[in-house]
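**Q**
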Amino acid sequence: MKMILAAAALAVLSIAVAAPAHAATPSAAKPLHASSAVAPITGAEIPESSRYVIHNAGSPAGTGLGIGPVPLIYPPIDVPVRNLSGYSVERWVVKPVGNGLYAITAGQGRPAEPGRPGDYALVERGDDVFVSAVQEPGQWAIQPAGGGKWTIGVPNSDRVITLNEEGGFPPVVLAPRDGSVAQLWDSVRVPGLD
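Going by this note's numbering, 160 is the number at position 160 of the sequence shown; the sequence numbering is gapless.
Structure below.
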């Protein structure tokens with residue numbers, strides 16, 4: 001029996017070691033509800049380069065933008081961003097890239113390089129929001145919407161990231177700015193992960 005348990009433990013360890021870097025999402029194992037020190041950004045301050053949970057203002061507590069399911073294939077494929085809960089909520093690296101724009105990336109924020117995928121990053125795909133480990137990270141305009149809320153949109157456009165209220169697919173889309181709660185996001189900084 002001990003040999004069977006040892007073999008099973010070794011098999012699990014080898015799978016964890018052999019998993020590709022792009023499969024390491026969500027990027028933190030700490031659940032949202034365990035972060036008692038986490039507080040939303042308030043006011044009209046511009047986000048700093050840090051890690052955040054991105055939560056839709058109209059969604060229940062403990063939910064946020066996430067990735068999954070992600071097929072473990074190589075090269076990694078693009079997948080739609082989803083509004084998830086619990087351990088599946090991603091901790092996003094929000095990083096200024098110049099001209100008031102931001103890249104929003106999972107994991108460590110590592111970009112793709114020729115022949116090597118990076119960490120998943122938010123990208124625009126038509127009217128949908130996907131994550132890609134092989135494309136350049138999208139550039140997003142993050143703008144205050146009052147009350148500590150934000151819109152995240154396509155630069156020089158009225159299209160913003162919108163939670164698909166109809167529960168349709170894809171779950172997160174780009175839609176013309178209409179001021180609805182489906183387009184308002186809280187940026188919740190995750191301490192201790194920088």
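Note that beta-carbon positions come from the ideal geometry of N, C-alpha and C, so glycine has one too.
Note down the Cα distance separating VAL134 from PRO60, rounded to an integer number of angstroms.
**A** Sequence index remark: in the sequence shown, residue 134 carries index 134 (1-based). Sequence index remark: in the sequence shown, residue 60 carries index 60 (1-based). Rounded to whole angstroms, VAL134 to PRO60 spans 32 Å at the Cα level.
**Q** Give a yes or no on whether the C-beta atoms belonging to VAL200 and ILE104 are separated by under 9 Å.
**A** Past the edges of the chain, shown from 1 to 194, lies residue 200, and the structure says nothing about it.
**Q** Compute the distance between the beta-carbons of PRO114 and ALA121, then report whether it is under 9 Å.
**A** In the sequence shown, counting from the first residue as 1, residue 114 sits at position 114. In the sequence shown, counting from the first residue as 1, residue 121 sits at position 121. Cβ atoms of PRO114 and ALA121: not closer than 9 Å.
**Q** For ARG177, decide whether its Cβ has a neighbour in chain D, counting only Cβ atoms nearer than 9 Å.
**A** Among the chains in the structure shown there is no chain D, since it carries only a single protein chain.
**Q** Based on DSSP bridge pairs, tell me the residues matched to VAL123.
**A** As a position in the sequence shown, residue 123 is number 123, starting the count at 1. DSSP lists PHE130 as partners of VAL123.
**Q** Would you list the one or two residues that DSSP bridges to SER50?
**A** Residue mapping note: residue 50 aligns to position 50 of the sequence shown, counting from 1. Per DSSP, VAL94.
**Q** Can you pull the DSSP bridge partners for VAL172?
**A** Residue mapping note: residue 172 aligns to position 172 of the sequence shown, counting from 1. VAL172 pairs with LEU163.
**Q** On a Cα-Cα basis, can you pick out the residue from SER187, VAL81, ARG51 that is closest to LEU65?
**A** The count along the sequence shown starts at 1 and reaches residue 65 at position 65. The shortest C-alpha separation from LEU65 is found at VAL81.
**Q** Would PRO176 and VAL160 qualify as a contact pair, given that the criterion is a beta-carbon distance under 9 Å?
**A** Locating residue 176 in the sequence shown gives position 176, where the first residue counts as 1. Locating residue 160 in the sequence shown gives position 160, where the first residue counts as 1. Contact: yes.
**Q** In whole angstroms, give me the CA-to-CA distance for ILE54 and ASP186.
**A** Taking the first residue of the sequence shown as 1, we reach residue 54 at position 54. Taking the first residue of the sequence shown as 1, we reach residue 186 at position 186. The alpha-carbon atoms of ILE54 and ASP186 are separated by roughly 6 Å.
**Q** With the cut-off set at 9 Å, would you say VAL123 and GLU136 are in Cβ contact?
**A** Numbered from its first residue, the sequence shown carries residue 123 at position 123. Numbered from its first residue, the sequence shown carries residue 136 at position 136. Yes; because the gap between Cβ atoms is below 9 Å, this pair is in contact.
**Q** Just confirm the distance between the C-beta atoms of ASN56 and ASN99, as a whole number of angstroms; I'd bet it's less than 8 Å.
**A** Start at 1 with the first residue of the sequence shown, and residue 56 comes out as number 56. Start at 1 with the first residue of the sequence shown, and residue 99 comes out as number 99. About 26 Å; that fails the 8 Å criterion.
**Q** Cα-Cα, which of SER180, ASP158, SER157, THR151 is closest to GLU165?
**A** On the sequence shown, residue 165 is found 165 positions in, with the first residue counted as 1. The shortest C-alpha separation from GLU165 is found at SER180.
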